[in-house]
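Number of protein chains: 2
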Amino acid sequence: MSDLILHEYAASGNCYKIRLTAALLGIPIERREYDIMKGETRSAAFLDGVNANGRIPVLQIGDDYLPESNAACFYLADGSALIPADRFDRADMLRWMFWEQYNHEPNVATLRFWRHFIGESALSEAQRSQIPAKEAAGNAALALMDTHLGRTPFFIGSRPTLADIALYAYTHVAEGGGFDLGAYPRLGAWLDRISALPGYKAIDA
Amino acid sequence: MSDLILHEYAASGNCYKIRLTAALLGIPIERREYDIMKGETRSAAFLDGVNANGRIPVLQIGDDYLPESNAACFYLADGSALIPADRFDRADMLRWMFWEQYNHEPNVATLRFWRHFIGESALSEAQRSQIPAKEAAGNAALALMDTHLGRTPFFIGSRPTLADIALYAYTHVAEGGGFDLGAYPRLGAWLDRISALPGYKAIDA
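Protein sequences, first through last, are from chains A and B.
Heads up: the first sequence begins at 1 in our numbering, then just goes up one per residue.
Heads up: the second sequence begins at 1001 in our numbering, then just goes up one per residue.
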């Protein structure tokens, strides 16, 4: 594999997913930090050279740039046991990863960002008006995960896959967004299974 | 492959993606229609039997159910030329598919749904207040696609992949959301390349 550089903001769960995937696979990556609070991913140099979409994370592979956290995890894990060999299971893993970006991240991660990083008093009126809907949708996402984890130890059967890593990243810090993880005991047990995996690294490691 | 049943609302771009993938691959699928305007995907039977997340599309494969449009496309195309054989290109295809669900669909598709299906006068105040932000984000997504398509005939090089299908579905009907596709000529030429592909089927076919 070419040299890998992760362009990131370390506290972002989307960036952590990629580091956790690399850690579980024993793949070394260099890290380059951008302060999103200071707009460092909206500079001309970043937009032209790293990601025209102005967002981190971006995984740099030699001279190629790969945005989108779950795509970067897929690149790292391609050919490993973190992606199921079975055709249905492989698609079902992607199902949970797309669901994470559409139903989980815009609610659970956004409320964490608003409350824990920006601060509720600094939110715009438009942001504040979206809080109740995001709380409801975030809790619905956590409840759906909790129900699923009552039937299976990991999202796709008995072994961890990228679906677990993608969903772990923002779930395990959801309390920063005001979510009560104590309400979801099966989800709590799954969080413990993830953090016990060989090679696991914490978000602040 | 087991018998395939698509649980869908035919006018949805997310459902169309799956039909278009199947059409381009020559895979027959049975279709089962639900009226989302009447809440038919929130019934107990649907939530228990088809998708606990209460959404279409769901691709049924024998006795297994696969929600999330882009995951269902991946299942159908797995092993075909619609998924690149190269490791970076495969991840880059997924990059555009995740980007579609996060940056494109919630703006371009949501405005089409609000304006073309619900009708602007029937929107809630909360929905109405989100229109300017969704217009700006939707146009930013279309502009980013237009720039990319100035460099390459399809999203991943010279051949169509699932990234093209995923992005085509809501882009080609974006005018229903109030977007002016005439402002994006390279994108327009790409739409024509997609509709000229052998096996292509229209959204209302």
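All residues carry an ideal CB built from backbone N, CA and C; glycine is no exception.
At a cut-off of 7 angstroms, the C-beta of R151 of chain A has no neighbouring C-beta in chain B. In this structure, the straight-line span from the alpha carbon of A189 of chain A to that of L1187 of chain B is close to 47 angstroms. Residue environment for K38 of chain A: exposed (fewer than 16 other C-beta atoms within 10 angstroms of its C-beta).
In the three-state reduction of the DSSP assignment, P160 of chain A falls in the coil class. In the DSSP assignment, H1007 of chain B falls within the beta strand (DSSP E) that extends over 1004-1008. Contact annotation, D86 of chain A with R1087 of chain B: C-beta distance approximately 20 angstroms; criterion of less than 8 angstroms not satisfied. Taking the Cα positions, E1120 of chain B is about 34 angstroms away from M145 of chain A. Between L1094 of chain B and F74 of chain A, the C-beta gap is smaller than 7 angstroms, which places the two residues in contact. Secondary structure within the region 1146-1203 of chain B: the alpha helix (DSSP H) runs of 4 or more consecutive residues, fully enclosed, are 1162-1171, 1185-1195 (chain order). In this model, D1092 of chain B and M97 of chain A are separated by some 15 angstroms (Cα to Cα).
Judged by DSSP secondary structure, D1092 of chain B falls within the alpha helix (DSSP H) whose first and last residues are 1087-1099. For the set A:Y16, A:A137, A:R159, A:L59, the Cα lying nearest the Cα of S2 of chain A is the one of A:L59. For G1049 of chain B, the closest alpha carbon among the candidates B:P1132, B:D1064, B:P1153 is that of B:D1064. Of all residues in the region 91-108 of chain A, the ones placed with a Cβ closer than 9 angstroms to any Cβ belonging to chain B are A91, D92, M93, L94, R95, W96, M97, F98, W99, Q101, Y102, N103, E105, P106, in chain order. Bridge partners of E1040 of chain B according to DSSP: none are assigned. For G1182 of chain B, the CB contacts under 8 angstroms within the same chain, skipping 5 residues up- and downstream, are G1188 in chain order. Here L191 of chain A is near H172 of chain A, since their CB atoms are less than 7 angstroms apart.
Taking 7 angstroms as the cut-off, the beta carbon of G13 of chain A is found closer than this to the beta carbon of Y170 of chain A.
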